[in-house]
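In the working numbering, the protein residues as written are 373 to 451.
Glycine included, every Cβ here is placed at the ideal spot set by N, Cα and C.
Below is one structure; the comments refer to it alone.
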């Protein structure tokens with residue numbers, strides 16, 4: 373995929389996530405929300421590329437598994 377298209381997709385996804393986080397976490401600073409939205413958008417984009425290139429699962433199943441995996445990782449429960 374073109375680097376330009378990749379950058380545009382990541383930035384658009386970041387903006388969507390940022391605005392959703394801003395609505396939910398009004399008391400948090402913009403910098404923290406923007407940082408989190410950037411990390412989430414890159415993770416989602418990367419996971420979509422991995423799904424496309426390496427998975428036979430449906431998009432829904434793949435992202436459900438990926439979401440569970442990242443939650444387990446953050447809780448130090450990866451086995």
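Three-state class that DSSP yields for residue 401 in the structure shown: coil
Evaluate contact between the stretch 394 to 409 and the stretch 423 to 438, counting only Cβ atoms and requiring at least three cross-stretch pairs below 8 Å. no
Check the C-beta distance from residue 446 over to residue 417 and give it rounded, since I have them as a contact under 8 Å. With 8 Å as the limit, residue 446 and residue 417 do not qualify as a contact, their Cβ atoms being about 19 Å apart.
Check whether the Cβ atoms of residue 420 and residue 386 lie closer than 9 Å to each other. no
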